[in-house]
Amino acid sequence: MAGTDASRPDPPTRGPTVAINPIELQKHLSGLDYPASKDAIVKKAEESGADSDTLDALQGIADKEYDAPTAINAAVSDAS
Numbered sequence: 001m002a003g004t005d006a007s008r009p010d011p012p013t014r015g016p017t018v019a020i021n022p023i024e025l026q027k028h029l030s031g032l033d034y035p036a037s038k039d040a041i042v043k044k045a046e047e048s049g050a051d052s053d054t055l056d057a058l059q060g061i062a063d064k065e066y067d068a069p070t071a072i073n074a075a076v077s078d079a080s
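In case it helps, UniProt numbering puts the sequence shown at residues 1 to 80.
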């Protein structure tokens with residue numbers, strides 16, 4: 001197959017186009033009670049004034065409960 005590379009994955013359809021700083025992300029989630037749902041995480045980030053890239057990244061994580069800040073950072077990293 002000329003011109004194609006079957007081993008190359010399709011580009012992601014979700015997630016941020018820029019890297020999200022995990023320290024900045026956690027600043028926006030300061031005071032969040034764990035475990036926390038995706039909706040609670042996004043709401044907390046919105047209330048703290050997170051930028052659109054951060055909010056987009058959080059919208060891209062799986063809809064589940066997160067038990068610690070490190071779990072959120074990992075989910076954001078995996079979704080990008």
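Ideal Cβ positions, reconstructed from N, Cα and C, are used throughout, including at glycine.
Buried versus exposed call for residue i [16 or more other C-beta atoms within 10 Å across all chains shown]
| i | result |
| --- | --- |
| I72 | buried |
| A62 | exposed |
| I23 | exposed |
| A19 | exposed |
Under the three-state DSSP convention, the category residue i falls into
| i | result |
| --- | --- |
| A36 | strand |
| D78 | helix |
| Q50 | It should be noted that the sequence gives Ala, not Gln, for residue 50. Coil at A50, not helix or strand. |
| I20 | coil |
| L58 | helix |
Same chain only: Cβ atoms within 7 Å of residue i, ignoring 5 sequence neighbours per side
| i | result |
| --- | --- |
| S37 | E65 |
| I41 | L29, L32, L58, Y66 and I72 |
Within-7 Å CB hit, residue i to chain B
| i | result |
| --- | --- |
| I23 | The structure shown contains no chain B, having only a single protein chain. |
CB of residue i within 7 Å of CB of residue j, strictly
| i | j | result |
| --- | --- | --- |
| A68 | Y34 | yes |
Nonlocal neighbours in the same chain, by C-beta distance under 8 Å from residue i, ignoring five residues either side
| i | result |
| --- | --- |
| H28 | K44, A45, S48, G49, A50 and T54 |
Bridge-paired residues (DSSP) for residue i
| i | result |
| --- | --- |
| E65 | S37 |
Own chain, CB closer than 6 Å to residue i, minus 5 neighbours either side, in chain order
| i | result |
| --- | --- |
| L32 | K44 |
| Q26 | P69 |
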